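Student: The structure that follows is given in the form of structure tokens.
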Amino acid sequence: MFEEKQPAVSMEKMVWMYEQMVKIRYYEDQMAEVYMEGKTPVFNIGAGTVPGEMHLATGQEPAAVGICVHLTKDDTVTAPHRPHHHAIAKGVDLKKMTAEIFGKETGLGKGKGGHMHLFDPEVKFSCGGIVGAGIPHAVGAAMTSKMKGKDWVAVAFIGEGAANAGAFHESLNLAAVWNLPLIVVVEDNSYGISVPKKSSTSVESNDLRASAYGIAGAYVKDNDPIAMYKVAEEAVSRARNGQGPTIIEIETYRFLGHFQGDPELYRDQTEVPGLRQMDPLLKLRKMLAESESINETDLETMEKRAKQEVDEAYQFARDSSYPDPESALKDVFSS
Amino acid sequence: MFEEKQPAVSMEKMVWMYEQMVKIRYYEDQMAEVYMEGKTPVFNIGAGTVPGEMHLATGQEPAAVGICVHLTKDDTVTAPHRPHHHAIAKGVDLKKMTAEIFGKETGLGKGKGGHMHLFDPEVKFSCGGIVGAGIPHAVGAAMTSKMKGKDWVAVAFIGEGAANAGAFHESLNLAAVWNLPLIVVVEDNSYGISVPKKSSTSVESNDLRASAYGIAGAYVKDNDPIAMYKVAEEAVSRARNGQGPTIIEIETYRFLGHFQGDPELYRDQTEVPGLRQMDPLLKLRKMLAESESINETDLETMEKRAKQEVDEAYQFARDSSYPDPESALKDVFSS
Amino acid sequence: METAKKRVLTGNKAMAEAISQEMERDPNVFVLGEDIGKYGGIFGSTQGLIEKFGPERVLDTPISETAFIGAAIGAAAEGMRPIAELMFVDFFGVCMDQIYNHMAKIPYMSGGNVKLPMVLMTAVGGGYRDAGQHSQTLYATFAHMPGMKVVAPSNPYDLKGMMVSAIRDDNPVVFMFHKSLQGLGWMEQLDAAVDNVPEDSYTVPLNKAKVVREGKDVTIVGIQMMTHYAVEAAERLAQEGIEAEVIDLRSLAPIDKDTIIESVKKTHRLLIVDEDYLSYGMTAEVSAIIAEEAFFEMEAPISRLAIPDVPIPYSGVLEDFVIPGPNKIYEQVKKMMAEA
Amino acid sequence: METAKKRVLTGNKAMAEAISQEMERDPNVFVLGEDIGKYGGIFGSTQGLIEKFGPERVLDTPISETAFIGAAIGAAAEGMRPIAELMFVDFFGVCMDQIYNHMAKIPYMSGGNVKLPMVLMTAVGGGYRDAGQHSQTLYATFAHMPGMKVVAPSNPYDLKGMMVSAIRDDNPVVFMFHKSLQGLGWMEQLDAAVDNVPEDSYTVPLNKAKVVREGKDVTIVGIQMMTHYAVEAAERLAQEGIEAEVIDLRSLAPIDKDTIIESVKKTHRLLIVDEDYLSYGMTAEVSAIIAEEAFFEMEAPISRLAIPDVPIPYSGVLEDFVIPGPNKIYEQVKKMMAEA
Ligand SMILES: Cc1ncc(C[n+]2csc(CCOP(=O)(O)OP(=O)(O)O)c2C)c(N)n1
Ligand SMILES: Cc1ncc(C[n+]2csc(CCOP(=O)(O)OP(=O)(O)O)c2C)c(N)n1
Ligand SMILES: [Mg+2]
Ligand SMILES: [Mg+2]
């Protein structure tokens with residue numbers, strides 16, 4: 001448990017992580033609301049301000065912030081279908097990201113990609129809707145780093161369900177053989193849609209699979225951002241120093257359904273309230289509030305700032321125009 | 001080394017293995033010759049009695065016989081692009097198999113499949129030309145065994161190169177989660193075509209990957225058929241008793257090129273003579289010859305019998321007719 | 001059957017009923033795929049099955065499409081009759097080797113000695129803003145490859161009857177169902193997704209197109225959603241005195257040439273409408289068949305409408321622009337009639 | 001260039017030269033794939049490269065197509081210009097997700113903000129008895145999908161020039177080379193596999209078909225091996241007074257409609273010949289383009305020849321029966337001329 005005595009993590013980093021977590025949580029809460037606009041009284045996934053599938057990361061903030069705190073914009077992040085927390089922690093342009101999710105012409109992809117397809121080359125962030133498919137892309141970024149003689153690292157985020165896809169195995173073996181600066185972060189939120197981990201995964205945790213590639217593995221329990229910070233710090237430093245790949249698995253919590261609108265008939269109704277009791281955001285806030293270097297006003301100011309940034313992003317998205325229908329024909333090829 | 005003192009393997013089984021090894025070796029030697037018919041003086045892969053790619057298993061006999069000795073015709077074997085030793089050890093109809101390789105209408109597939117696509121449902125044998133792709137088929141056979149409440153096992157043979165394909169990982173995880181009677185035998189012949197194991201594989205040996213699936217793993221060194229026998233005996237018994245999958249890796253020798261016609265510029269020219277010194281066939285013969293229960297005449301009789309069976313198969317193939325060209329249009333669908 | 005006629009089901013329930021009845025009939029039939037157990041399939045095709053048949057015959061899988069579709073092949077080779085669900089057809093690329101190189105070819109390469117009686121069912125189609133990796137139909141990608149029957153029913157009656165046929169067929173059948181025609185509570189509610197479906201088991205053939213509206217002036221060939229849009233357009237055209245004959249292709253492979261040829265012999269004009277990409281797609285194949293086998297029947301160029309060779313974009317305005325709808329069909333026919 | 005004209009290369013050496021020259025020109029270009037290092041590529045396309053550029057830029061990979069093609073995508077997104085070799089196109093199914101859902105779509109889904117300047121080169125074609133999983137061309141499987149340029153050159157000159165263009169192109173290019181046209185020592189020796197190839201670098205466009213033989217009576221559209229067979233047939237037909245115009249399609253996507261339309265305006269008759277499966281293939285697309293855009297130019301049904309919707313069989317007699325050859329083309333044209 002991260003309330004326990006911890007070796008020193010600088011207050012600055014801790015505060016950074018907390019602020020990002022606040023931003024992510026607020027972003028997802030807002031999205032949950034906006035997503036229902038135009039979908040009541042009769043839910044219709046294709047209707048409303050934000051249509052299509054929507055996978056929110058509420059409760060999964062620690063995985064993203066605990067490693068992105070060690071990254072610069074030269075480092076690469078690839079994310080899966082549930083990408084908002086990673087995008088925010090990696091510093092993706094929040095306005096353009098939100099506009100993309102709204103399907104607007106000012107979006108990262110001019111409205112062509114949407115929530116599962118956010119690309120911000122400025123901070124080397126990408127994501128996609130095919131489980132496991134982002135791992136090879138991170139391998140390619142790690143290759144580039146090595147070929148160019150840089151100390152850039154590449155981080156691929158995946159869910160625990162994705163660790164059973166062939167792409168996981170092929171990518172880790174390749175990265176290990178080539179000794180690449182790759183880190184795969186497995187977010188174990190207990191489910192792949194409705195399928196519980198024990199029905200999909202033959203080992204307790206995926207860091208154990210590191211031995212199948214002769215690489216480092218680490219496990220973070222209790223959704224603890226500070227433990228994640230430390231494990232990630234080591235992994236990033238190994239990667240930067242040419243010591244090869246790492247698999248990190250973090251136990252995390254999916255507070256919401258797989259996607260918005262998921263009836264969740266497959267999970268015990270008492271599960272989520274139990275998880276909410278261990279909310280990592282509240283725990284970290286409590287810890288900060290109890291520390292001497294930061295006071296309640298500072299925290300509130302910071303929270304306000306984070307939320308304001310989010311509010312501005314949503315406003316920007318709302319104010320933007322939809323793309324010209326004919327623009328659908330552009331961008332297949334660049335000339 | 002299998003000359004060393006060994007716990008008891010019945011003479012009957014030992015002799016069975018030896019006879020199969022003789023048959024395989026002689027089959028492959030004959031094939032190497034026949035394959036050149038019509039390809040001299042100018043080699044042309046598409047010409048001759050047996051055209052197309054030809055992957056021979058000379059030197060790799062122990063992997064096949066050491067496990068097939070424990071199987072019945074209710075057990076399933078799936079093999080890769082280098083399938084003759086497995087097919088022979090599993091008891092595939094040698095005449096129809098050879099006719100298929102000759103492209104004749106009496107072949108297992110009426111000339112439609114060829115050397116890489118041998119299907120003998122009578123003994124539940126199949127193979128294919130896509131690296132790793134046979135493993136899932138064996139998983140399906142193992143599922144069937146379990147669903148029907150049988151004690152049938154399924155064995156998937158692959159090369160060490162195939163263990164880095166996604167299908168390997170997905171299949172082993174699935175078989176482990178479902179606790180299926182699956183055995184994957186990895187034949188480490190040091191190369192995937194020209195690529196040495198150390199350039200393709202991030203672990204010493206693939207049995208170590210068993211821990212990534214919480215299953216059993218075993219390693220057989222020195223291409224030893226008797227060590228293979230014992231390891232396989234345990235794996236088969238585990239599978240039959242509902243104790244789940246096993247990965248076996250066996251160190252074996254590729255005496256020939258990847259395929260016939262391979263210039264082998266990538267391997268040291270002294271390597272093969274060295275391997276030939278450790279020929280498992282000669283070693284096993286020596287061991288048998290030194291035993292008390294079998295004499296030289298018995299051995300020679302057996303060798304003759306094995307070779308005769310092979311000669312008859314080749315003769316059958318030669319004597320058979322090519323299929324009617326129009327038959328190419330049949331068998332896409334069964335009615 | 002008379003009383004059963006009044007019975008109404010959604011697309012997904014019609015499919016689940018077909019599977020359930022076949023599972024009762026034949027102990028070798030089983031289902032496997034992601035979230036097909038308690039969840040009942042993301043698009044509801046397996047609703048109620050696990051409750052009835054238990055987890056031994058309704059198997060939730062890991063996210064390992066190569067392994068579980070390959071396992072279905074292995075099981076089919078041993079005499080089982082698996083139904084594997086690929087959640088979205090868009091995911092085909094992670095397991096296409098098993099589908100294309102093994103499922104489709106093993107029966108042929110074995111000279112007919114290995115049969116693979118299996119169904120690969122998969123959700124297709126767009127129109128609800130799920131973007132480039134979740135909205136394709138990929139009809140032609142599958143139909144191009146010999147060795148698979150490929151069907152795409154457009155209504156609950158056919159979904160049930162063709163699923164029964166698919167399960168009983170001794171060959172691999174790719175069964176594409178359209179998400180919007182499943183009648184799910186969380187999608188737009190379409191009339192086309194609800195239909196009379198008899199409770200008793202029945203079959204609908206896997207190789208027959210169907211004339212769903214008769215007409216003498218122009219033939220419109222559609223499939224799944226496009227059939228419904230074509231009928232909508234035809235009704236509008238009828239008000240202006242243009243009588244379009246609408247054909248629901250239903251089956252992509254084998255393709256029912258005769259029904260199309262017979263129709264163009266009457267109408268002498270042809271528009272083909274597809275929710276797949278235009279180039280190298282279904283519209284091309286149907287056009288080529290006519291240009292080869294009924295060329296002299298045609299009085300005007302053969303016209304086609306499909307996704308204009310772009311990935312499916314996310315934003316509603318863009319997606320609506322690229323997927324053909326009743327309006328585009330209507331306008332295209334008007335243009336054809338004006339020109340010739 | 002004048003003196004260079006006499007320089008003769010095989011197909012594989014022309015490709016390797018193109019890659020080598022581009023690697024010299026641009027440090028971001030690198031190659032990865034199975035057996036492309038010391039072995040030089042199973043079909044020789046990377047011969048001599050590792051000796052020249054070392055294992056840092058010529059990378060042998062494990063048998064992990066999803067990982068290494070995906071890695072090429074990731075590297076391209078970071079500004080590298082990878083050339084990935086998929087040894088046989090038939091293996092596409094183990095990595096098609098990376099190709100179809102990522103390589104082809106990321107540029108579009110990113111609104112053009114991510115460029116993927118990469119080449120996926122792969123060996124296609126049959127005729128040498130390698131059976132169902134090693135003999136396909138799959139032209140249409142790739143060309144159907146928007147977001148990739150797909151080319152299939154038919155001679156060493158084009159192999160070099162189009163490879164240079166492909167490497168310099170900022171878009172993903174699928175570069176299909178025909179095994180039989182590589183001029184390898186262990187395959188049948190074909191004249192078509194050897195050609196004049198200038199040493200200096202040059203480019204051949206990726207979107208232009210080429211009239212390789214002029215004629216006035218009938219147009220034959222072919223690609224790769226089929227172009228050569230078409231020319232062979234045309235020469236025989238010429239002896240009988242039938243002048244066939246032969247077009248080498250060269251590029252499947254984008255397809256050069258204009259060259260074909262221009263030709264049929266002259267000949268009014270069209271035969272399309274393909275080494276891919278017939279249904280939903282290239283022959284269908286070309287036919288549909290003409291039936292839509294040059295319908296009134298045609299005086300006879302549009303005819304097509306391709307693999308008759310069966311997997312490629314192993315036995316020589318069977319394979320020869322299913323792959324179109326000069327004879328079948330000759331006979332088909334004779335039939336077309338007799339009929340109309
Ligand atoms: C190859 C592939 N198969 C299936 C899916 C459908 N799918 C989307 S998300 C998901 C579950 C993913 O689970 P996990 O990796 O644990 O991530 P989580 O959703 O829990 O964050 C599935 C099966 C997909 N997108 N891609
Ligand atoms: C998916 C796939 N990729 C590549 C190939 C080409 N290929 C055929 S055999 C082979 C090497 C296989 O090596 P290994 O698994 O060690 O078996 P071995 O040939 O040594 O018996 C390769 C790369 C293939 N057939 N399938
Ligand atoms: Mg999960
Ligand atoms: Mg090997």
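Chains as they are written, first to last, in the UniProt record's numbering: chain A, 1 to 335; chain B, 1 to 335; chain C, 1 to 340; chain D, 1 to 340.
Every residue gets a Cβ at the ideal spot worked out from N, C-alpha and C, and that includes glycine.
For clarity, every value in this text was computed on a predicted model and none was experimentally measured.
1) Could you tell me which of C:Glu65, C:Ala104, C:Glu56 sits nearest to Met148 of chain C, measuring between CA atoms?
2) Any contact of the segment 154 to 173 of chain A with the segment 182 to 189 of chain A, i.e. 3+ C-beta pairs under 8 Å?
3) Express the C-alpha separation of Gly316 of chain D and Met287 of chain B in angstroms, rounding to a whole number.
4) With a threshold of 7 Å on Cβ separation, who are the neighbours of Glu233 of chain A within its own chain once the five nearest residues in sequence on each side are excluded?
5) Is it buried or exposed, Met162 of chain C, if we count other Cβ atoms within 10 angstroms and call 16 or more buried?
6) Express the C-alpha separation of Arg168 of chain C and Ile294 of chain B in angstroms, rounding to a whole number.
7) Could you say if the segment 106 to 118 of chain C and the segment 110 to 126 of chain B meet the contact criterion of at least three C-beta pairs nearer than 8 Å?
8) Would you kindly report the start and end of the unbroken beta strand (DSSP E) that includes residue 343 of chain C?
9) Where does Gln315 of chain A fall in DSSP's three states?
10) In chain order, what residues of the same chain lie with their CB nearer than 6 Å to the CB of Val174 of chain D, ignoring the 5 residues before and after it?
11) Can you give me, in chain order, the residues of the segment 120 to 142 of chain C that have a beta carbon less than 7 Å from any beta carbon in chain A?
12) Give a yes or no on whether 7 Å exceeds the smallest Cβ distance from Tyr108 of chain C to chain B.
13) Determine whether the Cβ of Ala291 of chain C lies closer than 7 Å to any Cβ atom of chain D.
14) Starting from the N-terminal end, write out each residue whose C-beta falls within a distance shorter than 6 Å of any non-hydrogen atom of ligand 4.
15) What are the start and end residues of each continuous alpha helix (DSSP H) run of 4 or more residues lying completely inside the segment 228 to 294 of chain D, in chain order?
16) Closer than 7 Å, Cβ to Cβ, to anything on chain C: give me those residues from the segment 159 to 189 of chain B, in chain order.
17) Just the C-alpha distance for residue 365 of chain B and Ile215 of chain B, rounded to the nearest angstrom, thanks.
18) What are the residues that DSSP puts in a beta bridge with Arg213 of chain D?
19) What I want to know is whether the C-beta of Ile45 of chain B ends up closer than 6 Å to one or more non-hydrogen atoms of ligand 2.
20) Measure from the C-beta of Lys257 of chain C to each C-beta in chain B and report whether the shortest distance is under 7 Å.
21) For Val8 of chain C, is the classification buried or exposed, using 16 other Cβ atoms within 10 angstroms of its Cβ as the cut-off for buried?
22) Three or more beta-carbon pairs under 8 Å between the segment 287 to 294 of chain C and the segment 276 to 291 of chain D, yes or no?
23) Unbroken beta strand (DSSP E) runs of length 3 or more, entirely within the segment 155 to 190 of chain A: which are they?
24) Looking at Gly217 of chain B: is its Cβ nearer than 7 Å to the Cβ of Ile247 of chain B?
25) Do the segment 34 to 45 of chain D and the segment 249 to 269 of chain B meet, that is, are 3 or more Cβ pairs less than 8 Å apart?
26) Should Pro181 of chain B and Ser145 of chain B be called a contact, given that it needs their Cβ atoms to be closer than 7 Å?
27) Residues bridged to Phe119 of chain B by DSSP?
28) Find the residues of chain B that neighbour Phe68 of chain C, judging by a C-beta separation of less than 7 Å, and give them in chain order.
29) Compare the Cα-Cα distances from Thr122 of chain C to each of C:Pro324, C:Glu65, C:Gly132, C:Pro311 and report the closest residue.
30) Who pairs with Gly222 of chain C in a beta bridge, going by DSSP?
31) Return yes when the Cβ of Val194 of chain D is within less than 7 Å of the Cβ of Gly183 of chain D, no when it is not.
32) Is any heavy atom of ligand 1 found at a distance shorter than 6 Å from the C-beta of His81 of chain A?
33) If you follow the alpha helix (DSSP H) that Leu159 of chain C is in, where does it begin and where does it stop?
34) Cβ closer than 7 Å: which chain C residues qualify as neighbours of Met143 of chain B?
35) Three Cβ pairs or more, each shorter than 8 Å: is that satisfied between the segment 165 to 178 of chain A and the segment 65 to 78 of chain D?
36) So what does DSSP say about Pro107 of chain D, is it helix, strand or coil?
Tutor: Result, derived from the coordinates:
1) The residue labelled residue 148 of chain C in the question sits at position 148 within the third sequence. For the set C:Glu65, C:Ala104, C:Glu56, the Cα lying nearest the Cα of Met148 of chain C is the one of C:Ala104.
2) The answer is yes - the segment 182 to 189 of chain A touches the segment 154 to 173 of chain A, with three or more Cβ pairs under 8 Å.
3) Counting from 1 along the second sequence, the entry for residue 287 of chain B is found at position 287. Counting from 1 along the fourth sequence, the entry for residue 316 of chain D is found at position 316. Met287 of chain B and Gly316 of chain D: Cα-Cα distance of roughly 44 Å.
4) The residue given as residue 233 of chain A occupies position 233 in the first sequence. Within the same chain, His70 come within 7 Å of Glu233 of chain A by CB-CB distance, once the 5 residues on both sides are set aside.
5) Counted from its first residue, the third sequence places residue 162 of chain C at position 162. Buried, because 16 or more other Cβ atoms sit within 10 Å of the Cβ of Met162 of chain C.
6) Taking the first residue of the second sequence as 1, we reach residue 294 of chain B at position 294. Taking the first residue of the third sequence as 1, we reach residue 168 of chain C at position 168. When the Cα atoms are used, Ile294 of chain B and Arg168 of chain C turn out to be separated by approximately 55 Å.
7) Between the segment 106 to 118 of chain C and the segment 110 to 126 of chain B, the count of Cβ pairs shorter than 8 Å is three or higher; the stretches touch.
8) For chain C, the structure presents residues 1 to 340; residue 343 of chain C sits outside this window and is missing.
9) The sequence position of residue 315 of chain A within the first sequence is 315, counting from 1. Assignment of Gln315 of chain A by DSSP, reduced to helix, strand and coil, places it in the helix class.
10) Taking the fourth sequence and counting its residues from 1, one reaches residue 174 of chain D at position 174. Within its own chain, the residues whose Cβ lies closer than 6 Å to the Cβ of Val174 of chain D, once the five positions on either side in sequence are excluded, are Leu120, Phe142, Met148, Val150, listed in chain order.
11) Cβ contacts with chain A come from Gly127, Tyr128, Arg129, Asp130, Ala131, Gly132, Gln133, His134.
12) By 1-based counting over the third sequence, the position of residue 108 of chain C is 108. At a cut-off of 7 Å between C-beta atoms, Tyr108 of chain C counts as an interface residue with respect to chain B.
13) Counted from its first residue, the third sequence places residue 291 of chain C at position 291. Yes, Ala291 of chain C counts as interfacial toward chain D.
14) Taken from the N-terminal end onward, the list reads B:Gly159, B:Glu160, B:Gly161, B:Asn189, B:Tyr191, B:Gly192.
15) Counting only runs of 4 or more, we get 257 to 267, 282 to 293.
16) Flagged, chain order: Gly166, Ala167, Glu170, Ser171, Asn173, Leu174, Val177.
17) In the structure displayed, chain B extends from 1 to 335; residue 365 of chain B sits before or after that span and is not available.
18) Taking the fourth sequence and counting its residues from 1, the one referred to as residue 213 of chain D is at position 213. Among the bridge pairs identified by DSSP, Arg213 of chain D is matched with D:Val246.
19) As a first step, residue 45 of chain B must be located in the second sequence, where it is residue number 45. Flag unset: Cβ of Ile45 of chain B not near ligand 2.
20) Counted from its first residue, the third sequence places residue 257 of chain C at position 257. Judged by the 7 Å Cβ criterion, Lys257 of chain C is not in contact with chain B.
21) Along the third sequence, one-based indexing puts residue 8 of chain C at 8. Per the 10 Å Cβ criterion, exposed.
22) A contact exists between the segment 287 to 294 of chain C and the segment 276 to 291 of chain D.
23) Qualifying beta strand (DSSP E) stretches, in chain order: 182 to 188.
24) Locating residue 217 of chain B in the second sequence gives position 217, counting from the first residue. Locating residue 247 of chain B in the second sequence gives position 247, counting from the first residue. Closer than 7 Å, so yes.
25) Contact holds: three or more Cβ-Cβ distances are below 8 Å.
26) For the purposes of this step, residue 181 of chain B is taken as the residue at position 181 of the second sequence. For the purposes of this step, residue 145 of chain B is taken as the residue at position 145 of the second sequence. Cβ distance < 7 Å, so Pro181 of chain B and Ser145 of chain B count as in contact.
27) Numbered from its first residue, the second sequence carries residue 119 of chain B at position 119. Bridge partners of Phe119 of chain B: B:Ser126.
28) Reading the third sequence from its first residue, position 68 is the one you call residue 68 of chain C. Within chain B, the residues near Phe68 of chain C are Leu174.
29) Locating residue 122 of chain C in the third sequence gives position 122, counting from the first residue. The shortest Cα separation from Thr122 of chain C among C:Pro324, C:Glu65, C:Gly132, C:Pro311 belongs to C:Glu65.
30) Residue numbering aside, residue 222 of chain C sits at position 222 when the third sequence is read from its first letter. BP columns for Gly222 of chain C point to C:Asp248.
31) To locate residue 183 of chain D, count along the fourth sequence from 1; it is residue 183. To locate residue 194 of chain D, count along the fourth sequence from 1; it is residue 194. Yes, they are a contact pair.
32) In the first sequence, counting from the first residue as 1, residue 81 of chain A sits at position 81. Yes.
33) Walking along the third sequence from the start, residue 159 of chain C turns up at place 159. Element bounds for Leu159 of chain C: 156 to 168.
34) Looking up residue 143 of chain B in the second sequence gives position 143. By Cβ distance, chain C contributes Ala71, Ala75.
35) Touching, per the Cβ criterion.
36) Position 107 of the fourth sequence, counting from 1, holds the residue named residue 107 of chain D. Helix.
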